[in-house]
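Step one of this worksheet: look at the structure below.
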Amino acid sequence: MVGAPSDMAVDTARGAARTDAPADAADGVLPGDVGAQAAAREVTAAASPPGPAGSPGSPGSPDNAPLSRELLLTALVVVLGSAMAGLDTTAVTVSLDRLSQDFGTPLTTVQWVATGYTLALAAVIPVTAWAIARFGTRRVYAASVGLFLAGSVLAGLAWSVESLIVFRVVQGLGGGMIMPTGMTILGRRAGERTPRVMAIVGIPMQLAPMSGPLLGGWLVDAASWRWIFYLNLPLGIAALVVAARVLGRDEPGPYQPLDRVGLVLLSPGLAALVYGLTTGAHRGDFTAPGAAVPAATGLLLVAAFVAHALNHDAPLIDLRLLRRRAVGAAAAALALFISAFFGVMLLAPLYFQTVRGESAAATGALLLPSGLGAMVTMPVGARLLGRFGPRNIVLTGLGLSAAGLTGFAAQIGAHPSYPGLCAALFVSGAGMGMTMMPTMSSAMSVLELSEVPVASTLLNIVQQVGAAAGTAFMSLVLSSALAERDPADAAGAFQHSYVWGVALLAAAFLPAALLSRAPLGRR
49 MVGAPSDMAV DTARGAARTD APADAADGVL PGDVGAQAAA REVTAAASPP GPAGSPGSPG
109 SPDNAPLSRE LLLTALVVVL GSAMAGLDTT AVTVSLDRLS QDFGTPLTTV QWVATGYTLA
169 LAAVIPVTAW AIARFGTRRV YAASVGLFLA GSVLAGLAWS VESLIVFRVV QGLGGGMIMP
229 TGMTILGRRA GERTPRVMAI VGIPMQLAPM SGPLLGGWLV DAASWRWIFY LNLPLGIAAL
289 VVAARVLGRD EPGPYQPLDR VGLVLLSPGL AALVYGLTTG AHRGDFTAPG AAVPAATGLL
349 LVAAFVAHAL NHDAPLIDLR LLRRRAVGAA AAALALFISA FFGVMLLAPL YFQTVRGESA
409 AATGALLLPS GLGAMVTMPV GARLLGRFGP RNIVLTGLGL SAAGLTGFAA QIGAHPSYPG
469 LCAALFVSGA GMGMTMMPTM SSAMSVLELS EVPVASTLLN IVQQVGAAAG TAFMSLVLSS
529 ALAERDPADA AGAFQHSYVW GVALLAAAFL PAALLSRAPL GRR
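Numbering (the numbering used here) for the sequence shown: 49 to 571.
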């Protein structure tokens, strides 16, 4: 759902910050992107006088100048689509037990309702950058939202678990392109204001998946699981209507032929890898053929793609971007953080339900502070990027997350204080808000316009694989710790698992320290 800035990259290649680029490029848009040109010209005019361009604290700086109406409406388009996908993903998770009952199908089969969506998501993300170059952002975004809506309607009308699984795959094929395309739209149009815009976008995007379990549980109890899918209709239709009015026509620019070899290697490779990791986590056994074979196959295919991409003139995803120091540093920091944070986030709901005996609804409420913490710090982190630079902000965010997770683990016991646990979750979520968005914002703000779709796609792949790998790793650690302990000491197994999670998160400090210290807008 972006490559990172580079201290070693050519300083004159700064995306929207360039002053020697053609007029359209200097405005932060591609030629032919009419709606974006109008918005970017207003942004540029507002950011110019007075004071040195980009000086933090000056009236014309990205920190203080007002965002244009067109830019805010563009952000709304991205929010509607991304929030729809995020809300649906978490809401469906809480309905699996009811689906098993209604269809009279074992839970192991119903799990494919979630797994099929995830695999389709992983398989379609790699082609996003090529599709944007070939068809334009407006068309790709409208097609992805439309396909997601079609899958939602069909899923709501599903007559069997098999048909529901197929329609969830359709949803995933659309949902996989929504986030990287949305980030590309924002990166092209926001220019040096990318951090502020992404912070605004991040708040509702964080709120949507956080609300999913509560809303999904209520719909399942009060109405039917089918309404979880019908709920997507107003959000998706609104996204399409606003996109048609705001985005304008964007003519496809020059594009390379589709890298078919790369597509054949990467899409099934990612799907197989994610499936193997997910299956191993569900079964608690990564050595079983059902988990080990697809995971190993996926790794081999991805490795083959890496070799292919590094020796191809126009690969599906140009991995040579990672050769820039900060591009590789941002990708590595994001991968380690997501693996650790989202892996550890698997532990908290399990702890509340298995050790403390809380219901699913109560567990969802207890986890709310984590999302609230992220919502509070996202706009703060965006503001501070123009003063202190991404390295300082991201390192602070990592420190907050590590402190919060350590505080949560230290309190785990027979009867810890719920306010204390919630406070620790709030701090860890606050750290996430100052880590993920600043890392991606710093990347988007320095990319050449032609690199934005590729980098956005690349970082979305990093997020998908990182989350799957982290969840699988923490699942393995927890299951091993539980097997070695008396059932009465389950809390000790969770504490042990948190230690591993914090250690993995601490590793993210190393690549994060390589990010640029220069404030955004002054590099």
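No residue lacks a Cβ here, since even glycine has one placed at the ideal position from N, Cα and C. For clarity, every value in this text was computed on a predicted model and none was experimentally measured.
Counting other Cβ atoms within 10 Å of its Cβ, threonine 335 stays below 16 and is therefore classed as exposed. Shown here, proline 305 sits in coil according to DSSP, grouped into three states, outside any helix or strand. Residues of the same chain with a CB within less than 6 Å of the CB of alanine 179, apart from the 5 flanking positions on each side, are Val188 in chain order.
Within the same chain, Cβ atoms closer than 8 Å to the Cβ of glutamine 459 are found at Ser465, Gly468, Leu469 and Ala472, the five residues on either side in sequence being excluded.
Take leucine 267, set aside five residues on each side of it, and the residues of its chain with a beta-carbon closer than 6 Å to its own are Trp275 and Ile276, in chain order.
The Cβ-Cβ distance between glycine 265 and methionine 132 does not fall below 9 Å. The beta strand (DSSP E) runs lying completely inside the stretch 520 to 554 and spanning 3 residues or more number zero. Between valine 209 and threonine 153, the C-beta gap is smaller than 9 Å, which places the two residues in contact. If you ignore the 5 residues before and after glycine 540, its C-beta comes within less than 7 Å of the C-beta of Arg533, all in its own chain and listed in chain order. Per the Cβ contact rule, the stretch 439 to 458 is not in contact with the stretch 495 to 512 (fewer than 3 Cβ pairs under 8 Å).
DSSP places isoleucine 386 inside the alpha helix (DSSP H), whose first and last residues are 373 to 393. Taken in chain order, the unbroken stretches of alpha helix (DSSP H) that lie wholly in the stretch 309 to 383 and span 4 residues or more are 337 to 357. Residue environment: valine 289 is assigned as exposed (fewer than 16 neighbouring CB atoms within 10 Å of its CB, all protein chains considered).
In this model, leucine 420 and alanine 352 are separated by some 41 Å (Cα to Cα). Taken through DSSP and simplified to helix, strand or coil, arginine 297 comes out as coil. Cβ-Cβ separation between glycine 429 and methionine 485: approximately 6 Å, consistent with a contact (criterion under 8 Å). Cα atoms of leucine 370 and glycine 376: separation of roughly 4 Å, rounded to the nearest angstrom. Membership of threonine 153 in any alpha helix (DSSP H) is not indicated, and neither H nor E is assigned to it by DSSP. In the structure shown, the three-state DSSP call for methionine 482 is coil.
If one requires a minimum length of 4 residues, the alpha helix (DSSP H) runs lying completely within the stretch 226 to 292 are 242 to 270 and 274 to 278, in chain order. As the crow flies, the alpha-carbon of phenylalanine 474 is around 23 Å from that of leucine 526. Assigned with DSSP and collapsed to three states, leucine 202 falls in helix. Closest by C-alpha distance to alanine 388, out of Ala517, Asn280 and Gly250, is Ala517. Each of Leu524, Val172, Met488 and Leu558 was checked against the Cα of leucine 234, and the nearest Cα belongs to Met488. Annotation: tyrosine 399 is outside any alpha helix (DSSP H) and is labelled neither H nor E by DSSP. Around the beta carbon of asparagine 359, a 10 Å sphere encloses fewer than 16 other beta carbons of the protein chains shown; the residue is thus reported as exposed.
In the three-state scheme derived from DSSP, where H, G and I count as helix and E and B as strand, arginine 565 is classed as coil. In the structure shown, glycine 222 falls within a helical segment according to DSSP collapsed to helix, strand and coil.
Counting other Cβ atoms within 10 Å of its Cβ, proline 257 reaches 16 or more and is therefore classed as buried.
Between methionine 225 and threonine 176, the beta carbon gap of about 5 Å places them in contact (Cβ cut-off 8 Å). In this structure, leucine 314 lies near leucine 364, with their beta-carbon atoms less than 9 Å apart.
Here serine 130 is actually not in contact with glycine 194; their C-beta atoms are around 15 Å apart, not less than 8 Å.
Taken atom to atom, the span from the alpha-carbon of alanine 343 to that of methionine 426 is near 35 Å.
Inclusion of alanine 381 and leucine 563 in the CB contact set at 9 Å is warranted, their separation being smaller than that value. The Cβ atoms of phenylalanine 183 and leucine 395 lie no closer than 9 Å to each other.
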